[in-house]
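In the numbering used here, the protein residues as written are 1 to 261.
Structural data, given as structure tokens:
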């Protein structure tokens with residue numbers, strides 16, 4: 001079969017028209033659909049990647065928040081534990097102080113009661129002892145004991161220092177009334193003269209008035225305006241009583257023992 005030029009050209013034109021038609025109405029929409037599908041796939045992949053990145057970021061954020069919550073929880077637990085320990089220690093200290101205060105108060109009250117009872121018993125014993133001694137001295141007081149007491153009185157005068165003796169002598173001389181020598185028992189005239197002589201030598205004391213006072217037990221008192229010098233058994237008993245009081249005052253008390261403890 002012979003092909004002429006016109007036929008070839010016509011066939012070629014038809015082929016080109018067919019190709020254009022296929023491209024225009026078949027391939028172009030198909031390629032557009034493929035491109036759109038690929039674009040959608042790329043968009044979906046990008047969206048999935050973005051979501052994955054967001055999920056990873058969210059996971060990291062949640063993990064950081066969990067760690068922060070865990071740290072805060074542990075910190076709060078530690079703070080609560082410390083507060084509980086501090087409260088426990090404070091309450092224990094308060095209870096200990098209260099117990100110590102009550103124990104010290106009870107001990108002080110007990111000591112005060114013991115001291116009061118001991119002081120009462122001691123005073124009773126001292127008074128009984130002094131009363132018994134006073135009665136014994138009253139029963140034993142005789143002439144010889146009286147003379148020994150007067151000698152002790154004169155010895156006391158002899159042992160006065162010069163300043164005291166001069167002061168007493170001046171007071172006796174300046175007195176508005178005669179000095180009085182008081183004894184427990186009346187003195188015979190010869191003893192009065194002897195005492196007058198000795199007192200005149202010691203204190204320049206003249207015109208002495210002699211008196212008696214049974215409460216002195218034994219001994220003598222020389223009295224003038226505002227001055228007194230004596231040596232009597234009664235004064236010795238009083239000195240002993242004063243000494244016993246001082247011993248009681250200077251003895252350690254329960255309060256000092258509590259403070260030392």
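Beta carbons: idealized from backbone N, C-alpha and C, even for Gly.
| query | result |
| --- | --- |
| Burial state of residue 173, where buried means 16 or more other Cβ atoms lie within 10 Å | exposed |
| Residue(s) in a DSSP beta bridge with residue 227 | 224 |
| Where residue 153 falls, given that 16 or more other Cβ within 10 Å makes a residue buried | buried |
| CB of residue 158 within 8 angstroms of CB of residue 218, strictly | no |
| Simplified DSSP state of residue 181, which is helix, strand or coil | strand |
| Identified DSSP bridge partners for residue 210 | 181 |
| Pair within 8 angstroms by beta-carbon distance, residue 180 and residue 209 | yes |
| Selected residue, minimal CA-CA separation from residue 155, among 230, 214, 114, 88 | 230 |
| Assigned exposure category for residue 257 - 16 Cβ within 10 Å defines buried | Below a pLDDT of 50, predicted positions are generally treated as unreliable, and residue 257, at 47, falls in that range; no measurement from the model is reported. |
| Among 225, 120, 182, nearest to residue 169 - alpha-carbon criterion | 225 |
| Same chain, Cβ closer than 7 angstroms to residue 260, five either side skipped, listed in chain order | With a pLDDT of only 49 at residue 260, under the threshold of 50, the placement of this residue in the model should not be trusted; the figure read from the coordinates follows. Result list for residue 260: empty, nothing under 7 angstroms. |
| C-alpha distance - residue 185 paired with residue 221, whole-angstrom precision | 12 angstroms |
| Straight-line gap, residue 207 to residue 193 (C-alpha atoms, nearest Å) | 10 angstroms |
| CB of residue 177 within 8 angstroms of CB of residue 212, strictly | no |
| Span of the alpha helix (DSSP H) around residue 165 | 162–174 |
| Environment of residue 203 [buried if 16+ CB atoms lie within 10 Å] | buried |
| Test item: CB-CB of residue 262 and residue 227 under 8 angstroms | Absent from the structure is residue 262, since the part of the chain shown begins at 1 and ends at 261. |
| Close Cβ partners of residue 149 (< 6 angstroms) along its chain, the five nearest in sequence each way excluded | 218, 219 |
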